[in-house]
Amino acid sequence: MTGVAIAGVAESELGAVAPGTTALDLMGQASARALADCGLEAKDVDGLFAASGQLAMATVSLGEYLGIRPRHGDSTNVGGASFVAHLAHAAAAIATGRCEVALIAYGSTQRLLGRASAAIGERDPYEAPFKAPMPVTAYALAAARHMHEYATSPEQLAEVAVSARAWAARNPLAFEREPLTVEDVLAAPRVADPLGVRDCCLVTDGGAAAVVVSAERAASLRRAPVHVLGVAEAQSHRHIASMPDLTVTAARESGARAFAEAGLTPGDVDLLMLYDAFTITPILFLEDLGFCAKGEGGPFVEGGRTAPGGSGPPMNTNGGGLSYQHPGMYGLLEVVEAVRQLRGEGGERQVQGAEVALVHANGGVLSSQCTALLGAQATT
Amino acid sequence: MVSRTPLRSRPYDARVEAPATRFAEACAAERLDFQWDPLAERAVFYPRLVSPFSGTTELEWRTSAGLGVVYATTTVHHREEPPRNVALIDLDEGFRMLSRVEATGVRIGMRVQVAFNEGTPVFLPA
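Protein chains in written order, with the working numbering: chain B, 515 to 894; chain U, 1153 to 1278.
Spelled out as structure tokens, the structure:
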């Protein structure tokens, strides 16, 4: 138990936004909507947590934009996992009295600007000569190694995309909702073997925000609180050449710590939100978070087990980064979906009786891993 | 050599050669150099000023025999260029680097040998 709860969540406009819109516009818009969701105002916020590939000092920019002068700020950027890290940091800040109302926010216009110009440049002299497009090359190498060691098949990778698309068909905010088959995924243009374009996340614009307060304060706000039962961070490398074993991620560490804090096991989880930047990533995380043994992630997703009506746990019910939205860093949108499901606001895609959700976010090239266990009740 | 006036009270007066520069100079001379941590007794790559294994700042430079094994491989597809290999190579001295294998049919486990393409360390089947 962390003693904190998520009181409000929101997305900004998503998909392809109007020319001239900035990352900060979307961050600000999502923030205003998340505050309205729980009945708080900007003047109530005293802790800011934000990251963006387009803003070097995200919380400073966000504070100016919203007219907030926080007494606690945290612009931690560990890529797409940043916002689950922010959940951990917000819990600590609230527990130690550094702030009472924490606002976590993200925004990106990477579709509008193009991926390359929407990123703060970082050139590595040891990688640059090989012109390997990152991050996709790194994930392709990990997928190739997983296939080599465990006979994971391209069809099994494709199942992850097909499951995501089936959920997306039930989400009006999803960017891609047309039916998708395993054959479609395999026939799509290649990007970096074994990954084709349908194995890779979308490139969309968008933002999100979440308001975090003590569980006590959350109880007095207008929405049913979603409790942060456990949350943990881990990291293992920055460059793919420095990852000790391409089939084992630091999700093993973040997952074990988050489960320990929550006092839960994988068997207690009703909903899985696993960062699907590429089809290989949920397979790795299913294994590393303890939902199946190492090497069995491929068989785990076979036959639509994680899709609507499947025999396994519902996974990425918003349609994931593969079919819903992936505005550069996706982690906060996973939190938004988990909160909606735990409140019973999932509409057509509602997971019946969802009490516990696992949110796992990833950053860089399988570099940073952050896991949160969220619950509809404070204790389970 | 340009003479420099030393700064007064400068705590570290020896100019350390930048690891990336030292590595690039070796490549230009067609040598694949790497660092060795004498305390941890293991190779360090990429080159740096501090060992991630023992914390020592006394890293030694060694020259690799350039022989290794493909740990992972992919073919990257570009709209306007021919497909290109990118691979992770495990060198026999115990370090891993990103590079490419200039061959067709590259597979995991293949033995490879370093070659230099305009100062860039690439690999060929051994």
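Glycine included, each C-beta is placed from N, C-alpha and C at the ideal position.
The shortest CA-to-CA distance from Gly522(B) to any of Asp558(B), Val849(B), Val725(B) is the one to Val725(B). Boundaries of the beta strand (DSSP E) around Ile618(B): 616-622. Using a Cβ-Cβ cut-off of 8 Å, Arg1263(U) does not count as an interface residue toward chain B, since no Cβ of chain B sits closer than that to its own. Using a Cβ-Cβ cut-off of 8 Å, Glu636(B) is close to nothing in chain U; its nearest Cβ partner there is about 14 Å away. When rounded, the separation of the alpha-carbon atoms in Ala1267(U) and Phe792(B) is 33 Å.
None of the residues of the region 784-815 of chain B has a beta carbon lying less than 8 Å from any beta carbon of chain U. Residue-level contact by beta carbon fails for Leu1201(U) and chain B, as no gap is shorter than 8 Å. Flagged as an interface residue toward chain B: Leu1240(U), by a C-beta distance shorter than 8 Å. Between Ala852(B) and Leu798(B), the C-beta spacing is not below 8 Å. Counting C-beta atoms within 10 angstroms of its own C-beta, Ser566(B) has 16 or more neighbours from the protein chains shown and is therefore classed as buried. A direct Cα-Cα distance of roughly 14 Å separates Ser631(B) from Gly534(B).
Taking all protein chains in view, the Cβ of Asp707(B) is crowded by 16 or more other Cβ atoms within 10 Å, so the residue is classified as buried. Within the same chain, Cβ atoms closer than 7 Å to the Cβ of Asp551(B) are found at Gly522, Val523, Ala524, Arg737, the five residues on either side in sequence being excluded.
In this structure, DSSP gives Val783(B) a state outside helix and strand, which the three-state scheme calls coil. For Gly818(B) against Gly824(B), the beta-carbon gap comes to about 5 Å, under 8 Å, which counts as contact. Burial check for Val740(B): the Cβ neighbour count within 10 Å reaches 16 or more, so the residue is buried. Look at Phe1197(U) here: in three-state DSSP terms it is coil, with no helix or strand label.
DSSP places Cys1179(U) in no beta strand (DSSP E) but in the uninterrupted alpha helix (DSSP H) bounded by 1171-1180. By the CB criterion at 8 Å, Thr718(B) and Arg625(B) fall inside the cutoff.
DSSP places Ile797(B) in the uninterrupted alpha helix (DSSP H) bounded by 794-802. Under DSSP, Pro827(B) forms no beta bridge with any residue.
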